[in-house]
Amino acid sequence: MECKSLGFDTIELNEGTLELPKETLLRFVRLIKIGGLKVKSQFAIRFNKSDIPVGDTAFGAYVISSPRSEFVEDVDLLITRAERCLEAGADMRTIDSDEVCKHAGSMHADIIA
Numbered sequence: 000m001e002c003k004s005l006g007f008d009t010i011e012l013n014e015g016t017l018e019l020p021k022e023t024l025l026r027f028v029r030l031i032k033i034g035g036l037k038v039k040s041q042f043a044i045r046f047n048k049s050d051i052p053v054g055d056t057a058f059g060a061y062v063i064s065s066p067r068s069e070f071v072e073d074v075d076l077l078i079t080r081a082e083r084c085l086e087a088g089a090d091m092r093t094i095d096s097d098e099v100c101k102h103a104g105s106m107h108a109d110i111i112a
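Per numbering that gives the first Met the number 0, the very first residue in the sequence shown carries number 0; after that it's consecutive.
Structure (structure tokens):
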């Protein structure tokens, strides 16, 4: 692989950016491993965007609306997808932190735990 000859040892596959069918992503994981590189697959947890205030400010600070709903995506589904990537050979799974702590007052520590 050209990446390996350039000195790279790990390829990151970002599910959100690539927008690939899951089977295609798993195929890429296997192909990268066959090429002798490590695979780090990354996924994002999506929240209900309507719960996050847009342009709502009080003296420049965000006003957090309540109550907040939980995840839009099923956590069990995310775990299953992570397990499938690891079974396909991925060396690591990571969570994109943008949606976890992007908005003021909305950090979801329960996800990290």
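Built from N, CA and C at the ideal position, the CB exists for glycine as well.
query	result
Going along the chain, which unbroken runs of the alpha helix (DSSP H) with 4 or more residues stay wholly within the region 21 to 46?	21 to 33
Report the rounded CA-to-CA distance for LYS21 versus LEU76, giving the unit in angstroms.	12 Å
Do LEU25 and CYS84 count as a contact pair if the criterion is CB distance below 8 Å?	yes
Could you tell me how far apart the beta carbons of LEU36 and LYS3 are, in whole angstroms, since I believe they sit closer than 8 Å?	6 Å
Check whether the Cβ of VAL28 sits closer than 7 Å to any heavy atom of the ligand FMN, and report yes or no.	In the structure on display, the ligand FMN does not appear, and there are no ligands present to speak of.
What is the rounded straight-line gap between the Cα of ASN13 and the Cα of ASP95?	9 Å
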